[in-house]
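J.: Residue numbers (full-length UniProt numbering), protein chains in the order written: chain A, 1 to 334; chain D, 1 to 299.
All C-beta atoms, glycine included, are put in the ideal place defined by N, C-alpha and C.
All of these numbers come straight from a predicted model, not from anything done at the bench.
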Amino acid sequence: MKRMYALITILVVFLGFAFFQEKNANPTNSANGAKEPTLGILQLMTHPSLDAIHDGIIKGLNDSGFHPGKNIKIDYQNAQNDQSNLKTMSTKFANENATASIGITTPSAQALASTIHNNPVILGAITDPVGAGLVKNLKHPGGHITGVANGSPLQKQLNVIKAFMPKLKTLGIIYTSSDPSSTAQAKQFAQLCKKEGIKLKTYTIANSNDLNQVSSQMVTQVQAVYVPNDNTIAAAMDTLVNNANKQNIPVFPSVDFMVKSGGIATYGVDQFQMGVTIGKMTAKILRGENPATTPVKRFQQGKMIVNVKQAKKLHMQIPASIMKEAETKGEVIK
Amino acid sequence: MSLIVSAIGQGLLWGVLGIGLFLTFRILDFPDMTVEGTFPMGAAIAAALIGRGVSPIVATLCAFIGGAIAGLITGLLYTKAKIPVLLSGILVMTAAYSVNLRIMGAANLSLLGKGNLLNAGIFQGLPNYFNSVFLGLIVITIVTVAIAYFLQTDLGQAFIATGDNETMAQSLGINTDRMKCLGVSVSNGVIAMGGALVAQNNGYSDVNMGIGIIVVALASIIIGEVVFGNLTMNQRLVAVTLGSILYRFVLLIVLQLGFNANDLNLISSVILALCMSLPAFQSKFNFKHILKRGFDRNE
Numbered sequence: 001m002k003r004m005y006a007l008i009t010i011l012v013v014f015l016g017f018a019f020f021q022e023k024n025a026n027p028t029n030s031a032n033g034a035k036e037p038t039l040g041i042l043q044l045m046t047h048p049s050l051d052a053i054h055d056g057i058i059k060g061l062n063d064s065g066f067h068p069g070k071n072i073k074i075d076y077q078n079a080q081n082d083q084s085n086l087k088t089m090s091t092k093f094a095n096e097n098a099t100a101s102i103g104i105t106t107p108s109a110q111a112l113a114s115t116i117h118n119n120p121v122i123l124g125a126i127t128d129p130v131g132a133g134l135v136k137n138l139k140h141p142g143g144h145i146t147g148v149a150n151g152s153p154l155q156k157q158l159n160v161i162k163a164f165m166p167k168l169k170t171l172g173i174i175y176t177s178s179d180p181s182s183t184a185q186a187k188q189f190a191q192l193c194k195k196e197g198i199k200l201k202t203y204t205i206a207n208s209n210d211l212n213q214v215s216s217q218m219v220t221q222v223q224a225v226y227v228p229n230d231n232t233i234a235a236a237m238d239t240l241v242n243n244a245n246k247q248n249i250p251v252f253p254s255v256d257f258m259v260k261s262g263g264i265a266t267y268g269v270d271q272f273q274m275g276v277t278i279g280k281m282t283a284k285i286l287r288g289e290n291p292a293t294t295p296v297k298r299f300q301q302g303k304m305i306v307n308v309k310q311a312k313k314l315h316m317q318i319p320a321s322i323m324k325e326a327e328t329k330g331e332v333i334k
Numbered sequence: 001m002s003l004i005v006s007a008i009g010q011g012l013l014w015g016v017l018g019i020g021l022f023l024t025f026r027i028l029d030f031p032d033m034t035v036e037g038t039f040p041m042g043a044a045i046a047a048a049l050i051g052r053g054v055s056p057i058v059a060t061l062c063a064f065i066g067g068a069i070a071g072l073i074t075g076l077l078y079t080k081a082k083i084p085v086l087l088s089g090i091l092v093m094t095a096a097y098s099v100n101l102r103i104m105g106a107a108n109l110s111l112l113g114k115g116n117l118l119n120a121g122i123f124q125g126l127p128n129y130f131n132s133v134f135l136g137l138i139v140i141t142i143v144t145v146a147i148a149y150f151l152q153t154d155l156g157q158a159f160i161a162t163g164d165n166e167t168m169a170q171s172l173g174i175n176t177d178r179m180k181c182l183g184v185s186v187s188n189g190v191i192a193m194g195g196a197l198v199a200q201n202n203g204y205s206d207v208n209m210g211i212g213i214i215v216v217a218l219a220s221i222i223i224g225e226v227v228f229g230n231l232t233m234n235q236r237l238v239a240v241t242l243g244s245i246l247y248r249f250v251l252l253i254v255l256q257l258g259f260n261a262n263d264l265n266l267i268s269s270v271i272l273a274l275c276m277s278l279p280a281f282q283s284k285f286n287f288k289h290i291l292k293r294g295f296d297r298n299e
């Protein structure tokens, strides 16, 4: 009882003190002078594709002359997929007066945007920055937020599928219903398929545990499977490939490392290179470029990647043009 | 300093969640898993309505109603369909996931730049983060007073009796099934309201924001109990909110210590476990006694 009153008194006194302290505080902060800049990186969870972006960012910073530990301080936070942590971590960045902050994944960027109002916030690979309410306009962000949007080159990926299977009639798409970016991609992809006259059957899962059952049913109903850039399915790719192999059905993913774990081929966005782009843009902003006039970059640069081993397993012919592109500018997995 | 203010503000907002769970977990004495579905449901309803231009106050109240309906379904599954309570909660929680996707029409809805309770006119001109402190104080006071008042009515007393001893309550002519349904509804209504507030503070609603929420709620309740010891019912309600603030402090300390980002969950769990096991060790070893003896020897 006594302890309770004591704590309440402490809280009230502290809040009262803080209230007047902050009210009288000078809003212009001189901490951002010649001192080494601080960069906050907020990542939603540990995941191969997100980690690749993070590694790329560090590379991009290094390439632009910022060396972590030497002339830049990096505060890297990972919310471990618990979204209640995002706000606290964003507040930490705000309190450190971080020169700039990068949010990897949509919720991270939203938490940063709602907490940090003065210093630049950089979008680390968000599929739909306008839909997520982060910027009003990709070309003229106008506020303190800019960054890199990741657009899967969907048409190119569909072209790869068509090159492998010119007579394709029904294609299946599978994604996680709770992932805003894969949901958005699925919608766009459906329109592309409609144009090409391919029947697209949609399958969704709530979490990776559903994948086995949903995909084993899926592979009996379609001729090929397409997987958008979906973190959950990427993590459980083996399950999907196993089921598809049983029916001799090819899986066409959208990310390079999904091909490595059993997909046939794709024209995939290079996550690491995307990170490098984010890192370079961050470096420019750390040097004083204004985010309001820095357009959001849509990163679609990818590479052709083909899994020869998997193609042999399914007795599929690799189209010569695709093989050539993979050999010269992309990657071939044997 | 602003970091601590922000932690207090968040503690107050998350306290609403703690109080909601307190009703089922402590008073009715059963574990209600519906929470992980109703918390994001509140966020979803508020975000969807605010996005359509509904006033944030109405949206937050609608979140309460939505959560209460989901809670009622858990209650009915448990009392009428005789499905074990843990399972009833999990069933509704699972179903809520799909419902939440329907409500939002997407997996993530942004509230950035939209009018919400936290950027309302009366909170303008306050120092940083004080909007969440004041909003949290207002809401938590209303919720605490309302529940404290409710528990003192005849209905509330019957509700407490149901949790204390169901057989005895029945022998007094209390319809315990009805009491349980009522309890789970109100509890989940309050929790959904907490979700609505947290979404407005965070600036977005996400279908996955319920993951791990039950741990946050339990932490508030248990830290409050451990730190403040024996209390009356009304004081216990206040203790939950204070526990929620202390939990935010724990997280803040973990973050400030600057550990490897990947160890966050482990470290916060260890610190929480230490806090919670303190009373058990205290009585066993009697720290005060040991400390005193230590000083004596030094002198």
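1) Enumerate in chain order the residues of its own chain whose CB-to-CB distance from ALA31 of chain A is below 6 Å, with the five nearest sequence positions on each side excluded.
2) Taking 8 Å as the threshold, find out whether the region 272–282 of chain A comes into contact with the region 39–58 of chain A through three or more Cβ pairs.
3) Restricting to runs no shorter than 3 residues, where is the beta strand (DSSP E) found entirely within the region 213–263 of chain A?
4) My assumption, with CB atoms under 8 Å, is that SER205 of chain D sits in contact with MET104 of chain D. Please give the rounded CB distance.
5) According to DSSP, is ARG52 of chain D part of a helix, a strand, or is it coil?
6) Does the CB of ASN29 of chain A have a neighbour CB from chain D at under 7 Å?
7) Between GLY15 of chain D and chain E, is any beta-carbon pair separated by less than 7 Å?
8) Ordered along the chain, which non-local residues of its own chain (more than five positions away) have a Cβ less than 7 Å from that of PHE281 of chain D?
9) Alpha carbon to alpha carbon, how far is ALA44 of chain D from ILE69 of chain D?
10) Please say whether SER185 of chain D and SER220 of chain D have beta carbons closer to each other than 7 Å?
11) Just to confirm the assignment, what range does the beta strand (DSSP E) spanning LYS303 of chain A have?
12) Starting from the N-terminal side, write out each stretch of the beta strand (DSSP E) that is 3 residues or longer and does not extend beyond the region 142–226 of chain A.
13) Just tell me which of A:ALA186, A:GLN110 and A:LYS73 has its CA closest to the CA of SER90 of chain A.
14) Closest to GLY65 of chain A by CA distance: which of A:ASN242, A:MET281, A:VAL13 and A:GLY197 is it?
15) Could you give the distance in angstroms between the alpha-carbon of ILE191 of chain D and the alpha-carbon of SER2 of chain D?
16) Using DSSP with H/G/I as helix, E/B as strand and the rest coil, what is ARG298 of chain A?
17) To the nearest angstrom, how far is the alpha carbon of LYS187 of chain A from that of PHE123 of chain D?
18) Go through its chain and collect everything with a Cβ distance to VAL250 of chain D's Cβ below 6 Å, but skip five positions before and after it.
19) In whole angstroms, what is the alpha-carbon distance linking HIS315 of chain A and ASN245 of chain A?
20) Identify the contact partners of ILE211 of chain D in chain A, using a Cβ-Cβ distance below 8 Å as the criterion.
21) Would you list, in chain order, the members of the region 69–93 of chain D that have their beta-carbon closer than 7 Å to a beta-carbon of chain A?
22) Just the Cα atoms here: how many angstroms apart are ALA120 of chain D and MET304 of chain A?
23) Any beta carbon of chain D sitting closer than 7 Å to that of GLY56 of chain A?
24) Are the C-beta of SER216 of chain A and some C-beta of chain D separated by less than 7 Å?
25) Which partner residues of GLY212 of chain D appear in the DSSP bridge assignment?
26) Figure out for me which residue from D:ILE8, D:LEU12, D:SER6 and D:LEU28 has the closest Cα to the Cα of ILE160 of chain D.
27) Check whether the Cβ of SER112 of chain A lies closer than 7 Å to any Cβ atom in chain D.
28) Give me the DSSP bridge partner(s) of SER110 of chain D.
29) For ASN62 of chain A and ALA283 of chain A, I'd like the C-alpha separation in whole angstroms.
30) Can you list, in chain order, the residues of its chain with a C-beta nearer than 6 Å to that of PRO56 of chain D? Leave out the 5 residues immediately preceding and following it.
31) Tell me which residue opens and which closes the alpha helix (DSSP H) that THR277 of chain A is part of.
32) Leaving out the 5 sequence neighbours to the left and right, which residues in its chain are closer than 6 Å to GLY16 of chain A when beta-carbon positions are compared?
33) Assuming PRO319 of chain A and PHE164 of chain A are in contact, meaning their beta carbons sit under 8 Å apart, how far apart are those beta carbons, in whole angstroms?
34) Could you tell me the alpha carbon to alpha carbon distance between VAL148 of chain A and VAL121 of chain A, rounded to whole angstroms?
35) Measuring only between beta-carbons, confirm whether ALA292 of chain A sits less than 7 Å from chain D.
36) Shorter than 7 Å from the beta carbon of MET4 of chain A to some beta carbon of chain D?
T.: According to the data block:
1) Here ALA31 of chain A scores only 46 on pLDDT, less than 50, and its place in the model is too uncertain to base an answer on.
2) yes
3) 224–226
4) 7 Å
5) Coil.
6) Residue confidence for ASN29 of chain A is low, a pLDDT of 47 falling below 50, so the modelled location carries little weight and cannot support an answer.
7) Included in the structure are the protein chains A and D, with no chain E among them.
8) none
9) 15 Å
10) no
11) Note, LYS303 of chain A: beta strand (DSSP E), 302–307.
12) 145–150, 170–176, 199–205 and 224–226
13) Ranking the options by Cα distance to SER90 of chain A, first place goes to A:GLN110.
14) A:MET281
15) Looking at the two C-alpha atoms, the distance is approximately 27 Å.
16) strand
17) Those two C-alpha atoms are separated by around 40 Å.
18) ILE271
19) In a straight line, the C-alpha of HIS315 of chain A is about 11 Å away from that of ASN245 of chain A.
20) ASN81, ASP82 and GLN83
21) Look at the region 69–93 of chain D: it has no residue with a C-beta under 7 Å from a C-beta of chain A.
22) Spanning the alpha carbons of ALA120 of chain D and MET304 of chain A requires a straight line of approximately 51 Å.
23) For GLY56 of chain A, the answer is no, since every Cβ of chain D falls outside 7 Å of its Cβ.
24) no
25) Answer by DSSP bridge pairing: none, since GLY212 of chain D is not bridged.
26) D:LEU28
27) According to the sequence provided, residue 112 of chain A is Leu. The question's Ser does not apply to it. Output row for LEU112 of chain A: interface = no.
28) Per DSSP, the beta-bridge partners of SER110 of chain D are D:TYR204.
29) 9 Å
30) ILE50, ASN116 and LEU117
31) 271–286
32) none
33) 6 Å
34) Approximately 11 Å between the Cα atoms of the pair.
35) no
36) yes
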